[in-house]
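Heads up, the thing below is written out as structure tokens.
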Ligand code: B12
Ligand code: SF4
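Residue numbers (the working numbering): 3 to 510.
Rendered as structure tokens:
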């Protein structure tokens with residue numbers, strides 16, 4: 003393994019949050035006006051900037067959908083590079099989503115809006131794991147499912163009886179949720195606005211995953227298939243991104259969903275675990291319904307690491323066969339790998355990249371192992387005195403925040419960078435090209451446009467050109483996929499792989 007290259011530079015507006023004006027002394031608010039904010043986070047220069055505008059988080063559109071009709075609701079995502087969120091008119095209520103990587107920015111925004119006179123409500127994953135911390139920065143916090151809580155919070159605001167904390171679990175049937183309100187989105191700024199969720203939770207509870215957070219009880223829930231279809235049809239986009247933690251936890255449900263998606267003629271991608279390939283006919287159903295890419299959390303190729311994390315998964319020696327099965331049906335594989343587990347030594351980087359190249363994964367994402375607060379992993383590392391600091395900004399899976407067991411922090415940091423450098427190199431892109439020569443051009447276009455064009459992405463995002471440029475490419479992919487479907491349907495055992503022809507890769 004050689005030395006990684008120096009990290010590419012990040013444009014200033016992707017590294018530093020937009021400046022807020024001076025703190026105010028309180029001014030008149032626009033009553034019954036709510037603003038929902040997704041705060042800024044610094045971008046990892048080694049990963050594609052495209053992922054930040056692939057599709058919007060579903061949190062804020064879901065909460066907007068639960069807003070009573072006599073409230074006006076607006077949306078602002080600071081990562082779209084259009085400056086700080088608006089304050090004229092000054093919203094009566096500002097709802098901010100908080101993840102640990104942008105908790106600091108969320109608190110800055112909260113403090114600023116409170117100084118102007120708005121009521122600030124914080125919700126989201128980090129509020130669930132660190133409620134006491136969040137409470138110091140807000141008028142009220144929402145712990146758990148915001149769709150249930152938001153209407154009650156606004157009603158209390160109207161009555162002048164706002165409570166400090168609101169709590170809801172995730173056991174209410176999904177069918178009761180109103181549809182997300184996607185009309186509030188700046189549609190030109192996203193590759194697709196159709197981020198959809200069909201299921202909640204996962205059949206696993208890996209020790210490093212936020213789903214294992216103490217106090218979070220998220221049973222696996224599936225929505226009515228028709229409800230999902232209605233949302234997709236209403237948003238009229240060629241490409242749908244399922245943001246489920248694991249769309250494949252219940253194969254029978256996924257099969258039903260595929261049957262309903264097939265007549266829509268869309269293409270879609272989703273995160274699944276590799277056991278979705280247990281039954282090849284399910285993979286076939288996915289492909290025939292328009293699945294062009296899956297984001298698979300392989301996490302590690304070392305069985306010891308998977309056992310430690312208590313991840314129930316097929317053995318890593320069988321991963322290659324399963325990847326080949328997905329490829330056979332034209333489904334691209336974006337593998338997600340975590341680096342720095344306790345069984346990882348300095349050889350993990352070269353071994354992982356080699357495996358990715360050998361199996362021609364179209365794409366991969368690397369993550370430095372990150373102990374999210376409240377998870378079993380965090381507790382273990384804390385017990386062992388291996389947590390280096392609690393600067394949440396750095397808990398973005400691109401920085402080392404704990405002491406690894408079999409290498410130094412520096413080795414882990416450099417190895418992570420080397421993995422990305424190598425994977426996005428011309429040589430590696432070429433090595434991983436599809437075996438079917440007719441699919442190579444589309445694959446190269448995806449790899450270069452998507453992964454090696456961060457300067458270009460910056461311009462697209464700033465000038466709100468993402469949809470204008472990408473939608474024709476996506477539509478082209480969709481058309482090609484529709485033409486491919488009869489061949490996919492006719493594939494027999496041992497036939498040649500189908501052609502992959504997509505311009506985006508699942509989960510980016
Ligand atoms: C879409 C997505 C993205 C998108 C957009 C993210 C964004 N914030 O804009 C992109 C691709 C850019 C992205 C990037 C990353 N992501 Co991401 N992402 C997701 C994903 C798949 C879906 C999010 C979503 O829409 N969920 C559905 C909504 C409805 O659920 P929710 O967010 O929990 O919201 C509910 C409640 O929390 C609450 N709520 C939320 N906000 C608010 C606000 C108010 C006011 C109220 C009242 C309530 C409330 O109500 C909502 C409805 O119940 C999740 C996994 C998942 N399924 O949630 C991961 C996830 C959020 N991502 C994660 C990570 C780690 C990342 C990255 C750091 C990974 C990386 N290294 O690249 C990056 C970088 C982002 C960063 N630095 O913070 C982790 C976060 C872990 C944690 N503890 O914070 C998750 C949970 C994935 C995982 N399994 O680990 N991500
Ligand atoms: S399989 Fe993935 S989503 Fe499920 S618990 Fe493990 S890391 Fe989380």
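Quick reminder that beta carbons are idealized off the backbone N, C-alpha and C, glycines included.
In chain order, what residues of the same chain have a beta carbon less than 8 Å from the beta carbon of residue i, not counting five sequence neighbours either side?
i	result
residue 577	Here the chain comprises residues numbered 3 to 510, so residue 577 is not present and cannot be evaluated.
residue 5	416 and 420
residue 36	69, 73, 74, 75, 76, 93, 94, 95, 96, 97 and 156
residue 411	390, 402 and 405
residue 195	57, 58, 184, 187, 189, 237 and 239
According to DSSP, simplified to helix, strand and coil, what is residue i?
i	result
residue 341	strand
residue 223	strand
residue 189	helix
residue 50	coil
residue 5	coil
residue 215	coil
residue 510	Only weak support is given to the placement of residue 510: the predicted model assigns it a pLDDT of 49, under 50, and the question is left unresolved by the model.
residue 413	helix
residue 456	helix
residue 18	coil
residue 392	coil
residue 307	helix
residue 2	The structure shown does not extend to residue 2, since the chain is modelled only from 3 to 510, so the question has no answer here.
residue 12	coil
residue 281	coil
residue 64	helix
residue 380	helix
residue 79	strand
residue 104	helix
residue 202	strand
residue 317	coil
residue 493	coil
residue 484	helix
residue 84	coil
In the DSSP assignment, what residue or residues form a beta bridge with residue i?
i	result
residue 74	35
residue 243	197 and 271
residue 116	Answer by DSSP bridge pairing: none, since residue 116 is not bridged.
residue 367	338
residue 359	According to DSSP, residue 359 bridges with nothing at all.
residue 297	273 and 336
residue 93	32
residue 143	124 and 167
residue 99	125
residue 40	79
residue 404	389
For residue i, I'd like the list of residues in its chain whose CB is within less than 6 Å of its CB, leaving aside the five on either flank, ordered along the chain.
i	result
residue 287	257 and 260
residue 480	240 and 269
residue 186	66 and 77
residue 405	388
residue 431	449
residue 413	348
residue 363	335 and 337
residue 322	361
residue 342	370, 371, 406 and 414
residue 346	none
residue 54	81
Please report whether the beta-carbon of residue i lies at a distance below 7 Å from any beta-carbon of chain B.
i	result
residue 31	Note that chain B does not occur in the displayed structure, where there is just one protein chain.
If contacts are defined as beta-carbon pairs under 8 Å, then residue i and residue j qualify, I think. What distance do you get, rounded to the angstrom?
i	j	result
residue 230	residue 272	Not a contact, Cβ separation roughly 12 Å.
residue 361	residue 297	Between residue 297 and residue 361 the Cβ distance is about 15 Å, and since that is not below 8 Å, they are no contact.
residue 98	residue 39	5 Å
residue 359	residue 454	Not a contact, Cβ separation roughly 17 Å.
residue 48	residue 422	4 Å
residue 22	residue 86	5 Å
Closer than 7 Å by C-beta to residue i: which residues in its own chain qualify, once you throw out the five before and the five after it? Chain order, please.
i	result
residue 289	331, 332, 333 and 490
residue 353	303
residue 218	130
residue 120	31, 92, 93, 94, 95 and 96
residue 279	285, 324, 327 and 328
residue 487	290
Item checked: the stretch 324-332 touching the stretch 365-376, judged by at least three CB pairs closer than 8 Å -> no
Note to self: When you compare the stretch 199-219 with the stretch 231-251, are there three or more beta-carbon pairs, one atom per stretch, that lie closer than 8 Å?
What the structure shows: yes
Note to self: Using a Cβ distance threshold of 8 Å, determine whether the stretch 126-133 contacts the stretch 98-118, with at least three qualifying pairs required.
What the structure shows: yes
Notebook entry, point to check: Touching or not, the stretch 24-33 and the stretch 167-175, by the rule of three or more beta carbon pairs under 8 Å?
Noted result: no
Next item on the list: Check whether the stretch 391-400 touches the stretch 144-152, counting contact only when three or more Cβ pairs, one atom from each stretch, lie closer than 8 Å.
Entry: no
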